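The listed protein sequences correspond, in order, to chains F and C. Numbering-wise, my numbering puts 517 at position 32 of the first sequence, and it's gapless, one number per residue. Numbering-wise, my numbering puts 81 at position 32 of the second sequence, and it's gapless, one number per residue. Heads up, the beta-carbon is just placed ideally off N, CA and C, and yes, glycines get one too. A quick note: this is a predicted structure, and the numbers were derived from the prediction, not measured. Worksheet for the structure shown next.
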Amino acid sequence: MKKYDIIVVGAGPAGTTTARKAAEKGASVLILDKKRDIGIPVRCAEGVSEQSLRNLIDVEDTWIAQIITKSKFVAPDGTEIESVPGERGLILHRKIFDIALAEKAVRAGSHIITRAYVSGVIKNNEQVTGVRIEKNGKEEEIKASVVIGADGIESHIGRWAGLNVINKKSYMLPCYQMLLSNIDIDPECVEFYLGEKVAPGGYLWIFPKGDCIANVGLGIDIEKAGQKNPFTCLNEFIKKKFPHSACLSMTAGGVTSGPSPSVIVGNGLMLVGDAAFQINPLTGGGIINSMIAGEIAGRVAAEAVQEGNVSAKRLAVYQKEWYKKEGKNNDRSYKIKKVVSQFTDADFNKIAELLLPIPPANRSGYQIFKKVLFKYPHLIYDVAKVFGVK
Amino acid sequence: MSSHIISINKDLCDFCGVCVGVCYANAIIMKENQICINNENCKQCFWCADVCPVWAIEIDKHAYNSLRKESGNE
Chain F
486 MKKYDIIVVG AGPAGTTTAR KAAEKGASVL ILDKKRDIGI PVRCAEGVSE
536 QSLRNLIDVE DTWIAQIITK SKFVAPDGTE IESVPGERGL ILHRKIFDIA
586 LAEKAVRAGS HIITRAYVSG VIKNNEQVTG VRIEKNGKEE EIKASVVIGA
636 DGIESHIGRW AGLNVINKKS YMLPCYQMLL SNIDIDPECV EFYLGEKVAP
686 GGYLWIFPKG DCIANVGLGI DIEKAGQKNP FTCLNEFIKK KFPHSACLSM
736 TAGGVTSGPS PSVIVGNGLM LVGDAAFQIN PLTGGGIINS MIAGEIAGRV
786 AAEAVQEGNV SAKRLAVYQK EWYKKEGKNN DRSYKIKKVV SQFTDADFNK
836 IAELLLPIPP ANRSGYQIFK KVLFKYPHLI YDVAKVFGVK
Chain C
50 MSSHIISINK DLCDFCGVCV GVCYANAIIM KENQICINNE NCKQCFWCAD
100 VCPVWAIEID KHAYNSLRKE SGNE
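As structure tokens, then:
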């Protein structure tokens, strides 16, 4: 029977980053993905902060669909708040990016098997000792000292191992996105539309991928959506705003937005990325957090294997480090999100009115959210921390 | 024996996995291009139907009402 130090389930940014770091530390690593193609499809708006990505990896131009220099919030009454914050964003070609990350994991020494569906984990008493896979119609068991679940929002690795990490209905925001071409946009500007009609309890995004093409999508809170689902909301918006657009790709998906789970490790087990609820609860962004967590997870897992101690207590070092590095910010973001997702159209319109007098160059994330939360002064500290203001 | 209460409309399903994510009964199995609901594990909470972005999950109301009547009679 095959045996590895570490098996990583899922070849997205969380899984391949974890694998790469573990392999760099000398661990034997196998990555498994049920899909035929890495990076296709992804259910993702593909937007990241440029600096955050450059802090993690050498960025290649081929990964970048579009550089973003401006953002625009649109209130329900149509008031537009543009900002030129000075920090750039990138909209990525995830199908190229994911393959590049997988390549790096392989060059570091990881093995990879695609089209391999993980059907269960193997346990010895309370210790996870491997996985069961289905490949080409055959079942096979593969052993490992540590199994790492980087298997996305549908994740089962944690549950099969006995962790209580179900995504509650109230923490799940269903989303729909289309790649729209033949649209009239400012390619350097990301747009966010707010309001009960356009995206109840969430927001609609326009993330340009070129001069006349963009990821246009939205996420909603089902408690507030009434008789609409994200697909119908998006179609309504597109009919009005981009009536001559052509849809080149469409995907359904979901993001989690909730408090950090209390436990994301077990005996011989770790969860990373969307599988560990690490998506930013306010923005819905997961790529950067997945890679930050993956770096910590890969290192800790490899060290634990080398020490011969893969107990939950030893692996919990990863969870603590993750929480200190970014998890705590996620919880602050969730406090902010809970408040913002209750806003009425009147609230958003009022905030836009308050922001108008501020010059666009001064409309940083921090300044914007200070106004957004003007009725909640007790959250100013959280806002400052989330936006890295001292 | 359980009746066929919940089913997934394969013409609408995008295999996004959101339903799988919220199913605490582990009643939905999704592989690369296949998905099915194990009606025996299913606890009829209907969270899956609520979160589906394209409303691809259909509930057979007659079957659900029959099941509730059966449990009431036990």
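Exercise. Is it right to say I54/C is buried, meaning 16 or more other beta carbons lie within 10 angstroms of its own, or is it exposed?
Worked result: buried
For this session: Quick one: measure Cβ to Cβ for L887/F and A560/F, integer angstroms, because I've assumed they're closer than 8 Å.
Result: As displayed, chain F neither begins before 486 nor continues past 875, which places residue 887/F out of reach and without an answer.
For this session: Check the Cβ-Cβ distances between E624/F and every residue of chain C, and say whether any is below 8 Å.
Result: no
Exercise. Shortest alpha-carbon distance to G769/F belongs to which of R528/F, R799/F, V569/F?
Worked result: R528/F
For this session: Report the residue from I553/F, M735/F, I638/F, C674/F whose alpha carbon sits nearest the alpha carbon of L703/F.
Result: M735/F
Problem set entry | Sheet register partners of K555/F (DSSP bridge) | C674/F
Exercise. Taking any Cβ of chain F, which residues in the region 108 to 120 of chain C have a Cβ under 9 Å from it, in chain order?
Worked result: none
Exercise. Among the residues of its own chain, which have a CB less than 8 Å from the CB of S775/F, if the five just before and after it don't count?
Worked result: G497, P498, A499, T502, A635, V757, G758, D759, Q763
Exercise. Counting only beta-carbon atoms, is G738/F nearer than 8 Å to chain C?
Worked result: yes
Problem set entry | Residues near G779/F in its chain [Cβ-Cβ closer than 6 Å; skip 5 each side] | A499, T502, T503, V757
For this session: Have a look at V67/C, I57/C, D60/C, S56/C and flag the residue whose alpha-carbon is nearest the alpha-carbon of C660/F.
Result: V67/C
Problem set entry | Nearest-angstrom Cβ-Cβ length linking Y803/F and A787/F, presumed shorter than 8 Å | At roughly 11 Å, the Cβ-Cβ gap does not stay under 8 Å, so Y803/F and A787/F are not in contact.
Problem set entry | DSSP three-state assignment for A782/F, whether helix, strand or coil | helix
Exercise. Going by the beta-carbon positions, is the gap between R521/F and E81/C smaller than 8 Å?
Worked result: yes
For this session: Use the C-beta contact count for D543/F: other C-beta atoms within 10 angstroms, 16 or more gives buried, fewer gives exposed.
Result: exposed
For this session: Note down, in chain order, every chain C residue with its Cβ under 8 Å from the Cβ of Y602/F.
Result: K80, E81
Exercise. Looking at K620/F and A601/F, is the spacing between their C-beta atoms short of 8 Å?
Worked result: yes
Problem set entry | Residue span of the alpha helix (DSSP H) that contains N700/F, given as start and end | Where N700/F is concerned, there is no enclosing alpha helix (DSSP H), although the beta strand (DSSP E) it sits in stretches over 698 to 704.
Exercise. Closer than 8 Å, CB to CB, is E721/F near chain C or not?
Worked result: no
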